[in-house]
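K.L.:
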Amino acid sequence: DGRLWLATFAGLARFDGQQIEPVIGADADRRPLRVTALADRSRGGLWIGTEREGVWVLHGGEFVEELIPGVGEQPTTTGVVEDGEGALWLATNQGAFRRSAEGSWEQLTDRVVFDLDLGAEGEVWLCGGALQRVRGGQIEHVPLPHDQHCLGGVVTPDGGYLARFDDRLELVGPDARSRGSVTPTGLEPGWMSGPALAPSGHVWVGSGERIMDLGPWDRLLAGGVEPRSDAWRGPLAPSTWRRRARSGWA
3 DGRLWLATFA
13 GLARFDGQQI
23 EPVIGADADR
33 RPLRVTALAD
43 RSRGGLWIGT
53 EREGVWVLHG
63 GEFVEELIPG
73 VGEQPTTTGV
83 VEDGEGALWL
93 ATNQGAFRRS
103 AEGSWEQLTD
113 RVVFDLDLGA
123 EGEVWLCGGA
133 LQRVRGGQIE
143 HVPLPHDQHC
153 LGGVVTPDGG
163 YLARFDDRLE
173 LVGPDARSRG
183 SVTPTGLEPG
193 WMSGPALAPS
203 GHVWVGSGER
213 IMDLGPWDRL
223 LAGGVEPRSD
233 AWRGPLAPST
243 WRRRARSGWA
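Heads up: the sequence shown at position 121 corresponds to 123 in the numbering used here, and the numbers run straight through without jumps.
What follows is the structure, given as structure tokens:
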């Protein structure tokens, strides 16, 4: 409907182009939900990931809470995506979880997952304490030449993955093997955010003070990566960058 949905530590809000409106639902009598992730729901509405409050569904103006079974304290959700079969995938501080379209839950890994992304063939990349790909019901570990945590990433047009680590970007091919890494110039270690892939195929990343266009994704390893623009000045936290692959990017 053209509105922008906002995940905040004071709950869920929406922006209609003129004003921000808090969205109050079934949790109104409790402390505000600390919302940490959002995703479109194929049957309408939103999937809402939270900090230690389970997963919520907003549909038809109603909030419905769904707790992840068998975990004790509910995890903090860091990423949410729904696949083509209607299954929900969660990245959390307690690992990755999958909820089938019929409502059954399974835990895929117990290592922290910071981000996840859905590929064109239905594969899901898990980025966290390890870099993994789930395909055909099997979890594949991606071998890397270092032991850093994967902090974020995006699926590339060839079915591979561009992963962000503390001080580098690692390009992984469709065979789940590293093709090499690159360290963009002008980025402060620990302050890189993203990456995001524009419709043009260019890779954008954020830093402590700016966002930068690194050029076409398939030329990152061709030589030194120099920023092509300096479009933002001012603080930009690593967690501010998100994307919406189906309808564009932001």
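Each residue gets a CB set at the ideal place from its N, CA and C atoms; glycine is no exception.
1) Please report the straight-line C-alpha distance between His151 and Gly19, rounded to a whole angstrom.
2) Given Pro7, which residues of its chain have a CB within under 6 Å of its CB, disregarding the five upstream and five downstream residues?
3) In terms of residues, what are the limits of the beta strand (DSSP E) holding His143?
4) Nearest-angstrom Cα distance between Ile50 and Thr80?
5) With which residues is Pro197 paired in a DSSP beta bridge?
6) What number of angstroms, rounded off, separates the C-alpha of Thr10 from the C-alpha of Thr52?
7) Determine, using beta carbons only, whether Gly162 and Leu171 come nearer to each other than 8 Å.
8) Let's test the definition: count the other Cβ atoms within 10 Å of the Cβ of Pro197 and tell me whether it reaches 16, buried, or not, exposed.
9) On a Cα-Cα basis, can you pick out the residue from Pro218, Leu222 and Met194 that is closest to Asp209?
10) With DSSP collapsed to three states, give me the class of Asp220.
11) Does the count of Cβ pairs from the region 68-85 and the region 114-121 closer than 8 Å reach three?
12) Using the three-state DSSP reduction, which class does Asp18 fall into: helix, strand or coil?
13) On the DSSP bridge list, what partners appear for Pro24?
14) Would you tell me roughly how many angstroms separate the C-alpha atoms of Arg101 and Trp91, rounded to the nearest one?
15) DSSP three-state label for Glu75, please.
16) With DSSP run on the structure shown, which of helix, strand or coil describes Cys129?
17) Is it right to say Ser202 is buried, meaning 16 or more other beta carbons lie within 10 angstroms of its own, or is it exposed?
18) Return the CA-CA distance between Asp220 and Ala178, expressed in angstroms with no decimal places.
19) Cutting at 8 Å between CB atoms, please list the residues of its own chain near Asp85, excluding the five before and the five after it.
20) Whose C-alpha, out of Ile22, Arg5, Glu87 and Leu110, is nearest the C-alpha of Gly47?
21) Between which residues of its own chain and Gly88 is the CB-CB distance below 6 Å, once the five residues before and five after are set aside?
22) What did DSSP end up calling Asp3 once you bin it into helix, strand or coil?
P.N.:
Taking the definition as stated:
1) Between the alpha carbons of His151 and Gly19 lies a distance of about 37 Å.
2) Per the sequence shown, residue 7 should be read as Trp rather than Pro. Excluding residues up to 5 positions away in sequence, Arg16 and Leu40 lie with their Cβ nearer than 6 Å to the Cβ of Trp7 in the same chain.
3) For His143, the uninterrupted beta strand (DSSP E) segment begins and ends at Gln140 to His143.
4) C-alpha separation (whole angstroms): 11 Å.
5) When DSSP reads this structure, Pro197 sits in no beta bridge, so it has no partner.
6) Roughly 10 Å between the two C-alpha positions.
7) No, these two residues do not count as a Cβ contact at 8 Å.
8) Classification for Pro197: buried.
9) According to the sequence as given, residue 209 is Ser; it is not Asp. It is Met194 whose Cα lies nearest to the Cα of Ser209.
10) Three-state result, Asp220: helix.
11) With a cut-off of 8 Å, the region 114-121 and the region 68-85 count as touching, because enough Cβ pairs lie within range.
12) Collapsing the DSSP output to three states places Asp18 in coil.
13) According to DSSP, Pro24 bridges with Ala15.
14) Taking the straight line from one Cα to the other gives about 6 Å.
15) Looking at Glu75 - three-state DSSP - the assignment turns out to be coil, as it is neither helix nor strand.
16) Three-state result, Cys129: strand.
17) Classification for Ser202: exposed.
18) Straight-line Cα distance between these residues: approximately 16 Å.
19) Within the same chain, Trp91, Leu120, Gly124 and Val126 come within 8 Å of Asp85 by CB-CB distance, once the 5 residues on both sides are set aside.
20) Of the candidates Ile22, Arg5, Glu87 and Leu110, Arg5 places its Cα closest to the Cα of Gly47.
21) Cβ within range, chain order: Ser44 and Ala103.
22) Residue state, collapsed to three classes: coil.
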